[in-house]
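Read through the structure below, which is laid out as structure tokens, and then see the notes.
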Ligand SMILES: [Zn+2]
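In my numbering, the protein residues as written are 8 to 426.
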């Protein structure tokens, strides 16, 4: 009797396991599937999903600006001619006096260039054409799609798996490649060297390994390992490289030229997505910006600012805004410089959200190096990565537009010299 019961329980467990293996992945995909993109919402016609469309639209924008009588200079820098990958820079000089230069960079993290591209439209329509920008004394330089490979292939990283926003190191020779002391401790967890298996069992395995890692090394070790960037594991996540990448060389040179130019005052905005509370754009200031959070909030008339004194502030190495300040200092110029990052939150900023973000980041990187042959697994990884940087939800998309317009106006009103 007892034996029969055991047999029945065993059979039920086996059926359940088989069911989970067979149906689990599809259920996960259904749960993760983003909502279909709404037909119409603000700027809906310029929310593109492919790099080629973003680029074509940018070139059309140049024609429109020219037709409107602006003196537009376009230069396209090839990252890979065979693959049609270019960084496109649009420059419109101040018409009378070179006082201010607005510099906007998008797509430093490739996949984030999609939302960056939309924000350029918001800039032209709601900011450049208004009283906020006086074209007589203010020039504009847009460096679009800084990481075209990452855009085309929907990755945060570039063609060499380098996170470009960890690659802007002032001097590689004196730079300590072992700066991230925590990453080596958790490398095997962050960069698994195997193919993603059945999506259902992968979920269980991930959370199991996470618990083991937290017990072994502590949650802080994992979050510290992730945020700052690392320089020792070329196949890992947030790898900052070991020298200037092509995109980095180009943008460093642009920054240098702006600091050598006639312009007295430079305001730089680098557009990103993925970090912070959903439905909220955060102005994330460089550690080299002396203004604190309260001062910035008041000056910009914008509530969400993270400054060097904020609780949520975290230091990174090699990001574009820090580099701009350090170059400014190294060149000894007395020009005004404000360089900041606009970051659109996607998943959220609770503890659980940060685990989910980390999970999606690890999975995408793992699937890049060890591609799964399973169609459902590939789809789940892609859906999740998209949600992490470029959600389809109408409410999210409209809020990005509103936040960008408010913050951009606030920063420019505060930082541009008017006379
Ligand atoms: Zn980013």
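Beta carbons: idealized from backbone N, C-alpha and C, even for Gly.
7 Å Cβ shell around residue 322 - same chain, five flanking residues per side excluded: Cβ within range, chain order: 235, 294.
Between residue 78 and ligand 1, is the CB less than 7 Å from at least one heavy atom? Not under cutoff, so the answer is no.
So, at 6 Å on beta carbons, what are the nonlocal neighbours of residue 422 in its own chain, with the 5 sequence-adjacent residues on each side left out? Cβ neighbours of residue 422 beyond the five flanking positions: 274, 345.
Test item, CB below 6 Å from any non-hydrogen atom of ligand 1: This selection yields 116, 119, 172, 279, 281.
With a 10 Å radius around its C-beta and 16 neighbouring C-beta atoms as the bar for buried, classify residue 148 as buried or exposed. Per the 10 Å Cβ criterion, buried.
Please classify residue 63: is it buried, with 16 or more other beta-carbons within 10 angstroms of its beta-carbon, or exposed? Looking at its Cβ environment, which holds fewer than 16 other Cβ atoms inside 10 Å, residue 63 is exposed.
CA-CA distance, residue 112 and residue 154? Approximately 10 Å, taken between the alpha carbons.
Indicate whether residue 220 and residue 190 have their beta-carbon atoms separated by less than 8 Å. No. Outside cutoff.
Does the beta-carbon distance from residue 99 to residue 77 come in below 8 Å? Yes, these two residues count as a Cβ contact at 8 Å.
Under 8 Å between the Cβ atoms of residue 301 and residue 129? Not closer than 8 Å, so no.
Please state whether the Cβ-Cβ distance between residue 369 and residue 218 is less than 8 Å. Taking 8 Å as the cut-off, the beta carbon of residue 369 is found no closer than this to the beta carbon of residue 218.
Enumerate, from N- to C-terminal direction, the unbroken alpha helix (DSSP H) stretches of 4 or more residues contained entirely within the stretch 161-227. Within the stretch 161-227, complete alpha helix (DSSP H) segments of at least 4 residues are found at 190-197, 206-224, given in chain order.
Over what stretch of residues does the alpha helix (DSSP H) that includes residue 363 continue unbroken? It spans 358-376 - the alpha helix (DSSP H) in which residue 363 sits, taken as one unbroken run.
Do the stretch 376-396 and the stretch 160-167 touch if we need at least three Cβ pairs shorter than 8 Å? Under the Cβ criterion (8 Å, minimum of three pairs), the stretch 376-396 counts as touching the stretch 160-167.
Examine the Cβ distances between the stretch 368-382 and the stretch 15-22 and report whether three or more of them are shorter than 8 Å. Segment contact: the stretch 368-382 against the stretch 15-22, fewer than three CB-CB distances shorter than 8 Å; contact not assigned.
List the DSSP bridge partners of residue 350. Residue 350 is bridged to 279, 289.
Taking residue 263 as the reference, give the member of 334, 341, 25 with the closest Cα. If we check each option's Cα against that of residue 263, 334 comes out closest.
Would you say the stretch 246-256 touches the stretch 177-187, given that touching needs at least three Cβ pairs under 8 Å? The stretch 246-256 vs the stretch 177-187: in contact.
Tell me the DSSP secondary structure of residue 298 in three-state form. Shown here, residue 298 sits in coil according to DSSP, grouped into three states, outside any helix or strand.
Close-in-space but distant-in-sequence residues of the same chain around residue 350 (CB under 6 Å, 5 per side omitted): Here the set comprises 279, 282, 283, 289, 291.
In the DSSP assignment, the beta strand (DSSP E) including residue 150 goes from what residue to what residue? Taken as a continuous stretch (DSSP letters only), the beta strand (DSSP E) holding residue 150 covers 145-151.
Tell me which residue opens and which closes the alpha helix (DSSP H) that residue 156 is part of. Segment 155-159, the alpha helix (DSSP H) holding residue 156.
Leaving out five residues on either side along the sequence, give the residues of the same chain with a beta carbon under 7 Å from the beta carbon of residue 353. Exclusion of the five residues before and after residue 353 leaves 280, 281, 285, 394, 395, 396, 398 as the residues of its chain whose Cβ lies within less than 7 Å of its Cβ.
Round the Cβ separation of residue 197 and residue 330 to the nearest angstrom and send it over; I've been treating them as touching at under 8 Å. No, residue 197 and residue 330 are not in contact; Cβ-Cβ is about 25 Å, not under 8 Å.
Can you tell which of 365, 225, 126, 215 has its C-alpha closest to the C-alpha of residue 55? Of the candidates 365, 225, 126, 215, the one whose C-alpha sits nearest the C-alpha of residue 55 is 126.
By the DSSP assignment, the beta strand (DSSP E) with residue 387 in it spans what residues? Element bounds for residue 387: not the beta strand (DSSP E) but the alpha helix (DSSP H), 382-396.
Does the beta-carbon distance from residue 259 to residue 175 come in below 8 Å? Between residue 259 and residue 175, the C-beta gap is smaller than 8 Å, which places the two residues in contact.
If you follow the alpha helix (DSSP H) that residue 249 is part of, which residue opens it and which one closes it? DSSP places residue 249 outside any alpha helix (DSSP H), giving it a letter other than H or E.
Is residue 327 near residue 277, with beta carbons less than 8 Å apart? Result yes, Cβ atoms of residue 327 and residue 277 sit closer than 8 Å.
Can you tell me whether residue 207 is buried or exposed? The criterion is at least 16 other CB atoms within 10 Å of its CB, across all chains shown. Residue environment analysis places residue 207 among the buried positions, since at least 16 neighbouring C-beta atoms fall within 10 angstroms of its C-beta.
Could you compute how far the alpha carbon of residue 35 sits from the alpha carbon of residue 306? So the two alpha carbons sit approximately 45 Å from each other.
Is the Cβ-Cβ distance between residue 192 and residue 170 less than 8 Å? Contact flag unset, no.
In its own chain, which residues sit with a C-beta less than 7 Å from the C-beta of residue 168, not counting the 5 before and 5 after it? Cβ within range, chain order: 241, 242, 246.
Look at the alpha carbon of residue 402 and the alpha carbon of residue 362, and state the distance between them as a whole number of angstroms. Cα to Cα, the separation comes out at about 24 Å.
Which value, in whole angstroms, describes the spacing of the CA atoms of residue 229 and residue 46? Residue 229 and residue 46 have their alpha carbons spaced roughly 40 Å apart.
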